[in-house]
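Asker: Residue numbers (the working numbering): 2 to 416. Beta carbons: idealized from backbone N, C-alpha and C, even for Gly. In this text, all values refer to a predicted model and were calculated from it rather than measured experimentally.
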């Protein structure tokens, strides 16, 4: 029996081939060649391509719009800054001199009595407190002598007490003329003799107690041990050194200055000292009126508090007054920054930062005396935000800033 489905299948196949050919002709007309003959797949890819094109156009449009902070010509945006006014002030000229740090007190601690060393309680470099035990000497014989003398003193006091009672009774009988005057005198002189003996023995006890206390050598003040001069088992004679101790709660700085500078230095005056990388304030305690004939310089002693573990022999740079007061420009320390290898400040001119090189003359508390061309009293200099600002960059003042000198910030460069 013949198959009736064959014509139907052939018609569908022909229609499919006809649609496929039509699709390929359409793609060729648009410059595209597709492997897939399905028309719905082709429409989806066209929509995707249109979406990408639209996104690219939006991106280019947004890129052409400048940001609010950008400046014309591509310059940096305004910097937020704080300012302070330059002022004039009277400043004492100062010169730097190199001095040396010394201990204010160095003592060779010695034994006042003789004896064998039984204990040594310190080492070189050790810090000790006033009254701390350094050395103990053998005191066995002295302790026994002290015990014996104390007992003898007690016995004498007991005899004196009995003799005093006897004298009172005899004195009563003597007034009644019941005994001879000789008996009364003997008892009276016996009491006086015992009183003197008691005083002598008391002095012996006190002397032995002092001598016993000196068998222990103690630190005379707070300080540091510089040298150890004794070991256990040694025999010490009176006056023998056991240690060298230095007081270091304060330190002295001795600096030699020329004769022409001496008139500007006053006892009790304050000076600035740079030692061990620290800035320290010192006080002039003495000006020795005897100079070095070879150098024509005179020693000045300055006392500083030892808050930075200073040691004798350290170099100290001291700022000494060297003339009369003069008027100079003063800026806050925070105004100083380093740019292109030089110290500068930034002023504000027409809303823009202007870099002005300066020469630091000296530091005056929280301010700095400077010399500069183009800097005048009353001008405003940047004290905050100046670390990142550039010459010519627009600036915006922070609300509430400006006026007198202000603290804060990183401060100026090191001296």
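#1: Tell me which residues share the same chain as residue 248 and place their Cβ nearer than 7 Å to its Cβ, disregarding the 5 neighbours each side in the sequence.
#2: Use the C-beta contact count for residue 356: other C-beta atoms within 10 angstroms, 16 or more gives buried, fewer gives exposed.
#3: When DSSP labels each residue in this structure, what does residue 396 get in the three-state scheme?
#4: Which two residues bound the contiguous beta strand (DSSP E) that contains residue 294?
#5: Does the contact criterion of 3 or more C-beta pairs under 8 Å hold for the segment 382-400 versus the segment 336-356?
#6: Given a cut-off of 9 Å, decide if residue 137 and residue 218 are closer than it, judged by their beta-carbon atoms.
#7: Within 10 angstroms of its Cβ, does residue 368 collect 16 or more other Cβ (buried), or is it exposed?
#8: So does the segment 357-367 actually touch the segment 87-95, counting three or more Cβ pairs closer than 8 Å?
#9: Quick test of the definition: if touching needs 3 or more C-beta pairs under 8 Å, does the segment 300-313 touch the segment 249-261?
#10: Under the rule that 16 or more other beta-carbon atoms within 10 Å means buried, what is residue 333, buried or exposed?
#11: Could you tell me the alpha carbon to alpha carbon distance between residue 436 and residue 155, rounded to whole angstroms?
#12: Where does the unbroken alpha helix (DSSP H) through residue 386 begin, and where does it stop?
#13: Is the beta carbon of residue 285 closer than 9 Å to that of residue 269?
#14: Residue 158 and residue 192: beta carbons closer than 9 Å?
#15: Which residue comes first and which comes last in the beta strand (DSSP E) that contains residue 190?
#16: Express the C-alpha separation of residue 255 and residue 240 in angstroms, rounding to a whole number.
#17: Rank 275, 246 and 320 by C-alpha distance to the C-alpha of residue 123 and give the top, closest one.
Answerer: Result, derived from the coordinates:
#1: For the purposes of this step, residue 248 is taken as residue 247 along the chain shown, with counting starting at 1. Here residue 248 has 104, 105, 106, 222, 223 and 224 as same chain residues with Cβ atoms under 7 Å from its own Cβ, once five neighbours each way along the sequence are excluded.
#2: For this step, residue 356 is matched to residue 355 along the chain shown. Result: buried.
#3: If you number the chain shown from 1, residue 396 lands on position 395. Strand, per DSSP.
#4: Reading the chain shown from its first residue, position 293 is the one you call residue 294. Per DSSP, residue 294 lies in no beta strand (DSSP E) and is assigned neither H nor E.
#5: Flag = yes, the segment 382-400 and the segment 336-356 touch.
#6: As a working note, residue 218 is residue 217 in the chain shown. As a working note, residue 137 is residue 136 in the chain shown. Taking 9 Å as the Cβ cut-off, residue 218 and residue 137 qualify as a contacting pair.
#7: Your numbering for residue 368 matches position 367 in the chain shown. It counts as buried.
#8: Touching, yes.
#9: With the cut-off at 8 Å, the segment 300-313 and the segment 249-261 touch.
#10: Mapped onto the chain shown, residue 333 falls at position 332. Buried, since its Cβ has 16 or more Cβ neighbours within 10 Å.
#11: Here the chain covers residues 2 to 416 and nothing more, so residue 436 does not appear.
#12: Counting from 1 along the chain shown, the entry for residue 386 is found at position 385. Premise fails: residue 386 is in no alpha helix (DSSP H) and is neither H nor E.
#13: The count along the chain shown starts at 1 and reaches residue 269 at position 268. The count along the chain shown starts at 1 and reaches residue 285 at position 284. Yes, these two residues count as a Cβ contact at 9 Å.
#14: Here residue 158 refers to the residue found at position 157 of the chain shown. Here residue 192 refers to the residue found at position 191 of the chain shown. No, the Cβ-Cβ distance between residue 158 and residue 192 is not below 9 Å.
#15: Looking up residue 190 in the chain shown gives position 189. Counted as a single uninterrupted DSSP element, the stretch harbouring residue 190 is not any beta strand (DSSP E) but the alpha helix (DSSP H) occupying residues 182-214.
#16: Taking the first residue of the chain shown as 1, we reach residue 240 at position 239. Taking the first residue of the chain shown as 1, we reach residue 255 at position 254. For residue 240 and residue 255, the distance between alpha carbons rounds to 31 Å.
#17: One-based indexing of the chain shown puts residue 123 at position 122. Of the candidates 275, 246 and 320, 246 places its Cα closest to the Cα of residue 123.
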